[in-house]
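Here the protein sequences come in this chain order: V and W.
When you number the first sequence by this note's numbering, it's gap-free, plus one each residue, and the end is 484.
When you number the second sequence by this note's numbering, it's gap-free, plus one each residue, and the end is 427.
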Amino acid sequence: MSTASLVSQLVDTFKAQGRIVIVGASLGGLRAAEALRKKGFRGQLTIIGDEPHEPYDRPPLSKQVLKGWVPADHTKLPRLRPVDADWRLGVAAVGLDRSNRQVLLANGEKVDYDRLLIATGTRARPWFNPEQAALKGLFTVRTCDDAAKLAAALRERPRRVLIVGSGFVGSEIASVCRDLDLPVTVAERGKAPLVGALGGVIGDIAAKMQIDAGVDLRTGVAVQRLDGDADGHVRAARLSDGTVLEVDVVVASLGSIRNVEWLEGAQLASGFWGVACDAGCRAFDINGVVTDNIFVAGDVARAPHVLYEYEFMSQEHWDNAVFGAEVAANNMISLEMGRRPHLPLPSFWSGQFGVNIKSVGVCSFGDEIVFTQGSITQRRFAAAYGYRGRIVGAVTFNHGKWLPYYASLIEQSAPFPPPPPGYDRPAIFEPMPARFPDPREPTAIPDVVLTGHDPTSRGAEFRPRSR
Amino acid sequence: MDAETAWAEAMKFENRPNPYPYFEQLRKTPVAKVADKTYVVTGYPELLALAHDPRISSDISRSPSGFGGDKPEPEPGSEHMQAYGREASIIVSDPPDHDRARRQVMRHFGPPHSPDLMPSMEPLVVQLANDLLDKVKARGNSRFDVVEDFAYRIPVAVICKILGVPVEDEPMFHAWIFDFMMGTDLGPEGSTAEGRALAEKGRASTAALLAYLGDLVQRYSKTPGEALLSKLLHDDGPDGPMSVKETTSNAMLLLVAGHDSTVNTITNCVMTLLRNPGSWDLVRHRPELIPRTIEEVQRLQSAVQFFPSRSATADIEIGGTVIPAGSAVHLIYAAANRDPRRFDNPDRFDPLREDNEHFGWGSGIHTCMGGPLARLEVNLALEIFVRRVESPKLVVDPPPYRHNQVFRGPRHLWVDFAAIAD
Numbered sequence: 018m019s020t021a022s023l024v025s026q027l028v029d030t031f032k033a034q035g036r037i038v039i040v041g042a043s044l045g046g047l048r049a050a051e052a053l054r055k056k057g058f059r060g061q062l063t064i065i066g067d068e069p070h071e072p073y074d075r076p077p078l079s080k081q082v083l084k085g086w087v088p089a090d091h092t093k094l095p096r097l098r099p100v101d102a103d104w105r106l107g108v109a110a111v112g113l114d115r116s117n118r119q120v121l122l123a124n125g126e127k128v129d130y131d132r133l134l135i136a137t138g139t140r141a142r143p144w145f146n147p148e149q150a151a152l153k154g155l156f157t158v159r160t161c162d163d164a165a166k167l168a169a170a171l172r173e174r175p176r177r178v179l180i181v182g183s184g185f186v187g188s189e190i191a192s193v194c195r196d197l198d199l200p201v202t203v204a205e206r207g208k209a210p211l212v213g214a215l216g217g218v219i220g221d222i223a224a225k226m227q228i229d230a231g232v233d234l235r236t237g238v239a240v241q242r243l244d245g246d247a248d249g250h251v252r253a254a255r256l257s258d259g260t261v262l263e264v265d266v267v268v269a270s271l272g273s274i275r276n277v278e279w280l281e282g283a284q285l286a287s288g289f290w291g292v293a294c295d296a297g298c299r300a301f302d303i304n305g306v307v308t309d310n311i312f313v314a315g316d317v318a319r320a321p322h323v324l325y326e327y328e329f330m331s332q333e334h335w336d337n338a339v340f341g342a343e344v345a346a347n348n349m350i351s352l353e354m355g356r357r358p359h360l361p362l363p364s365f366w367s368g369q370f371g372v373n374i375k376s377v378g379v380c381s382f383g384d385e386i387v388f389t390q391g392s393i394t395q396r397r398f399a400a401a402y403g404y405r406g407r408i409v410g411a412v413t414f415n416h417g418k419w420l421p422y423y424a425s426l427i428e429q430s431a432p433f434p435p436p437p438p439g440y441d442r443p444a445i446f447e448p449m450p451a452r453f454p455d456p457r458e459p460t461a462i463p464d465v466v467l468t469g470h471d472p473t474s475r476g477a478e479f480r481p482r483s484r
Numbered sequence: 006m007d008a009e010t011a012w013a014e015a016m017k018f019e020n021r022p023n024p025y026p027y028f029e030q031l032r033k034t035p036v037a038k039v040a041d042k043t044y045v046v047t048g049y050p051e052l053l054a055l056a057h058d059p060r061i062s063s064d065i066s067r068s069p070s071g072f073g074g075d076k077p078e079p080e081p082g083s084e085h086m087q088a089y090g091r092e093a094s095i096i097v098s099d100p101p102d103h104d105r106a107r108r109q110v111m112r113h114f115g116p117p118h119s120p121d122l123m124p125s126m127e128p129l130v131v132q133l134a135n136d137l138l139d140k141v142k143a144r145g146n147s148r149f150d151v152v153e154d155f156a157y158r159i160p161v162a163v164i165c166k167i168l169g170v171p172v173e174d175e176p177m178f179h180a181w182i183f184d185f186m187m188g189t190d191l192g193p194e195g196s197t198a199e200g201r202a203l204a205e206k207g208r209a210s211t212a213a214l215l216a217y218l219g220d221l222v223q224r225y226s227k228t229p230g231e232a233l234l235s236k237l238l239h240d241d242g243p244d245g246p247m248s249v250k251e252t253t254s255n256a257m258l259l260l261v262a263g264h265d266s267t268v269n270t271i272t273n274c275v276m277t278l279l280r281n282p283g284s285w286d287l288v289r290h291r292p293e294l295i296p297r298t299i300e301e302v303q304r305l306q307s308a309v310q311f312f313p314s315r316s317a318t319a320d321i322e323i324g325g326t327v328i329p330a331g332s333a334v335h336l337i338y339a340a341a342n343r344d345p346r347r348f349d350n351p352d353r354f355d356p357l358r359e360d361n362e363h364f365g366w367g368s369g370i371h372t373c374m375g376g377p378l379a380r381l382e383v384n385l386a387l388e389i390f391v392r393r394v395e396s397p398k399l400v401v402d403p404p405p406y407r408h409n410q411v412f413r414g415p416r417h418l419w420v421d422f423a424a425i426a427d
């Protein structure tokens with residue numbers, strides 16, 4: 018029998034009898050499982066998730082759920098097809114034994130795999146002081162349990178809500194508070210909201226939106242400590258400028274931490290920025306050599322992107338999880354010629370203060386911005402980001418229907434600035450510095466981050482960080 | 006065949022039942038010059054790009070096509086396309102006016118401010134569809150015209166109710182709209198003696214329709230009513246009320262677009278299913294496939310084949326062609342919907358087709374705002390049709406077509422049937 022037919026027989030056997038384990042039971046994990054079945058994988062499929070819930074959708078948690086429109090347990094993801102999987106929910110994966118191809122679970126069980134998909138995503142960064150973190154009335158928003166608790170607290174009509182951090186999630190929650198007519202203070206260490214992802218020019222617009230909506234926005238300040246009452250309920254927050262705020266609810270919106278600790282010792286290229294993989298979702302080992310049987314998708318993955326000088330990029334975006342999962346699934350059961358790259362143009366959306374914000378590309382890769390359409394004062398506009406004479410990202414405020422135009426310009430690495438529109442031209446059609454913060458400046462980490470690569474470093478070794 | 010000839014053929018009345026072979030010819034040059042200062046776009050990626058390109062204007066007064074009026078020599082037979090452009094209705098205007106007007110209308114038409122309006126039309130559509138089939142049944146013969154006896158009545162009743170146009174005036178404006186449609190000929194026949202006569206009649210009827218709607222809007226401006234036209238005039242929303250003139254223009258747009266293209270879509274659905282007996286049975290047994298069927302029919306038959314309002318405001322290089330600034334740019338949705346680069350077996354009707362992102366409802370900021378309403382109407386009408394009309398057969402295929410190239414659809418669609426179920 019020829020080698021080719023032997024290999025193809027092997028693929029068929031794997032599809033019929035192989036064992037695939039997916040660690041992570043959220044959007045990426047579910048969509049990968051569905052894609053595997055759709056593409057003909059009939060073997061054993063196990064899905065491991067640390068939360069007890071069936072896969073659910075997270076974007077509504079900081080919006081419709083907090084507003085009280087949708088109960089927190091009503092955002093279950095639609096199922097696209099039956100997945101016929103062994104669901105291990107409510108039990109976290111705590112280790113990976115690559116030699117024996119086993120995932121170790123928190124309850125001591127071991128799950129065998131032939132191929133593994135890592136889709137463990139991220140978690141909310143907790144309050145930095147463990148003692149204060151235990152205070153009642155302090156929340157993060159990442160899970161549906163988080164959202165349920167915060168929604169309940171908002172229903173109690175707190176005297177004031179303090180939101181620490183003004184990335185997208187923090188800003189969306191501030192917007193909901195104002196919709197609910199709750200007094201809210203936003204404390205941001207950077208110069209303006211959203212600066213990490215969109216830069217200071219857009220950040221100033223976002224700041225004005227908050228102020229106009231009645232948010233008590235304080236930038237350039239950190240929250241130094243939280244004080245509780247006798248019942249252990251948060252009642253006051255002390256800011257770095259000496260101000261003390263009386264608050265009943267504090268939301269720590271400090272960005273996310275990638276769930277990679279369980280991979281310690283597994284000799285994979287995992288770390289602070291996630292698990293490095295190739296553009297086909299195959300994980301790299303600690304030496305940067307691609308593995309055969311371990312795949313990565315979703316928030317926890319970081320892969321080189323052709324459009325962005327092959328820098329390794331992590332994308333904490335909804336559709337990155339969906340498309341990454343589909344590509345990973347395909348590549349898990351395909352030979353070389355059947356493999357596909359996962360090279361999405363990053364895109365995300367946000368809803369806050371009555372404005373629909375959408376973006377494509379990687380705005381923070383740029384250093385210049387030009388308003389291309391609409392009106393800044395009316396908060397309906399499109400703006401493009403440039404880097405060395407080419408367009409690398411775009412953002413729209415209430416102008417989302419134009420986004421495909423910018424997406425195609427970015428895909429083609431079209432010149433920056435783009436040509437002026439035939440109508441509705443902004444008052445100023447001149448590129449200006451986009452004012453992204455110095456990476457050393459304290460601010461929220463943007464959702465798309467460039468994690469770079471350093472070809473000069475030799476000898477791979479990761480030293481487990483203390484947790 | 007050169008592009009100019011292919012375009013002329015596609016626009017000829019004799020080719021109305023099937024202009025697609027000529028669109029296929031045209032697509033060899035996805036962006037092709039077909040006349041002086043006129044380009045047609047027949048390729049999918051090229052159309053997608055141009056539908057979102059802010060250098061493409063929909064302001065008809067900027068187009069050299071002459072449809073916008075105020076041009077020395079408008080294209081013969083097409084002058085009253087300007088009826089759409091007289092006071093710049095939504096479809097022939099650019100941002101920011103377009104965005105503002107569309108917001109004003111949407112406030113009273115769809116979510117988030119008026120989420121219940123469209124769903125509230127369901128009982129009316131269901132009752133109408135059933136009544137119409139009851140009437141056919143009561144006539145006792147075994148043949149009926151899907152257009153006149155069924156499809157036409159439903160959208161016109163719905164759009165009248167939504168706008169606040171008295172449905173008893175329908176016979177009057179039906180004739181005007183008919184003339185208007187007949188008088189719009191973008192093909193070679195527009196310049197014949199007959200074409201000119203039709204154009205003249207169309208012009209007169211357009212004027213009559215505008216006058217009628219103008220009077221109606223005037224009345225609502227003085228005496229408020231419950232429906233959309235009145236609400237536009239008395240809006241206290243962030244964009245304020247709409248002027249009488251602008252309301253009249255948009256009333257014209259919504260009345261015409263809101264029923265003619267929906268009639269064609271219902272008819273196209275019935276026709277396409279009956280051309281594919283296997284599909285008829287499939288959909289009859291699985292009515293949950295109707296929404297996908299509608300999309301697939303819309304891809305194949307595109308009730309609005311193109312809309313000749315756009316022009317280039319700058320030189321645009323696309324698909325190997327440079328469109329010079331100032332040229333009319335016709336985005337041919339119907340042609341791009343059969344681009345084999347985007348759709349496998351593009352001429353094949355496949356109600357199970359995946360990833361069917363067609364241009365049957367347009368693309369970009371001018372995407373059909375009535376699409377959700379049309380989908381509801383067509384869905385309900387078709388569901389009742391497939392359930393009640395037993396063993397239907399097309400009598401004449403292809404059926405006779407309407408004159409109009411933009412709103413292309415059968416003039417009649419005779420169907421023989423075995424029985425009409427209760």
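Virtual Cβ for every residue (Gly too), placed ideally from N, Cα, C.
Is the separation between the beta-carbon of residue i and that of residue j shorter than 7 Å?
i: residue 45 (chain W); j: residue 335 (chain W); result: yes
i: residue 319 (chain V); j: residue 468 (chain V); result: yes
i: residue 316 (chain W); j: residue 62 (chain W); result: yes
i: residue 377 (chain W); j: residue 123 (chain W); result: yes
i: residue 253 (chain W); j: residue 222 (chain W); result: yes
i: residue 382 (chain V); j: residue 226 (chain V); result: no
i: residue 128 (chain V); j: residue 120 (chain V); result: yes
i: residue 362 (chain V); j: residue 424 (chain V); result: yes
i: residue 293 (chain V); j: residue 283 (chain V); result: no
i: residue 431 (chain V); j: residue 360 (chain V); result: no
Please confirm if residue i has its CB atom under 7 Å from at least one CB of chain V.
i: residue 62 (chain W); result: yes
i: residue 370 (chain W); result: yes
i: residue 57 (chain W); result: yes
i: residue 90 (chain W); result: Interpretation of residue 90 (chain W) is limited by its pLDDT of 39, a score under 50 that renders its predicted location unreliable; the figure taken from the coordinates is listed afterwards. Not closer than 7 Å to any Cβ of chain V, the Cβ of residue 90 (chain W) fails to qualify, so no.
i: residue 318 (chain W); result: yes
i: residue 99 (chain W); result: yes
Just the chain B side, please: which residues come within less than 9 Å of residue i by C-beta, in chain order?
i: residue 241 (chain V); result: The structure shown has no chain B; the protein chains it does contain are V and W.
Hey, does residue i have any beta-carbon neighbour from chain W nearer than 7 Å?
i: residue 216 (chain V); result: no
i: residue 369 (chain V); result: no
i: residue 81 (chain V); result: no
Buried or exposed, going by whether 16 or more other CB atoms sit within 10 Å of the CB of residue i?
i: residue 330 (chain V); result: buried
i: residue 446 (chain V); result: exposed
i: residue 438 (chain V); result: buried
i: residue 245 (chain W); result: exposed
i: residue 160 (chain W); result: buried
i: residue 409 (chain V); result: buried
i: residue 437 (chain W); result: Outside the modelled stretch of chain W, which goes from 6 to 427, sits residue 437 (chain W), for which no answer is possible.
i: residue 322 (chain V); result: buried
i: residue 154 (chain W); result: buried
i: residue 241 (chain V); result: exposed
Between residue i and residue j, which are expected to be in contact by the criterion C-beta below 8 Å, what is the C-beta distance as a whole number of angstroms?
i: residue 83 (chain V); j: residue 335 (chain V); result: Wrong, their Cβ atoms sit about 18 Å apart, outside the cutoff.
i: residue 85 (chain V); j: residue 265 (chain V); result: In fact, because the Cβ distance is near 18 Å, the residues do not count as touching under 8 Å.
Inset, instruction - Determine which residues of the stretch 417 to 447 of chain V have a Cβ less than 7 Å from any Cβ of chain W, and write them out in chain order. - result: Within the stretch 417 to 447 of chain V, the residues whose Cβ lies closer than 7 Å to some Cβ of chain W are 418, 419, 421, 422, 425, 436, 438, 439, 440, 441, listed in chain order.
Inset, instruction - Could you name the residues of the stretch 35 to 59 of chain W whose beta carbon sits closer than 9 Å to any beta carbon of chain V, in the order they occur along the chain? - result: Those would be 50, 53, 54, 56, 57, 58, 59, in chain order.
Legend entry - Interfacial residues, the stretch 389 to 403 of chain V to chain W, with Cβ spacing under 9 Å: Answer set for the stretch 389 to 403 of chain V: 389, 390, 391, 392, 395, 397, 399.
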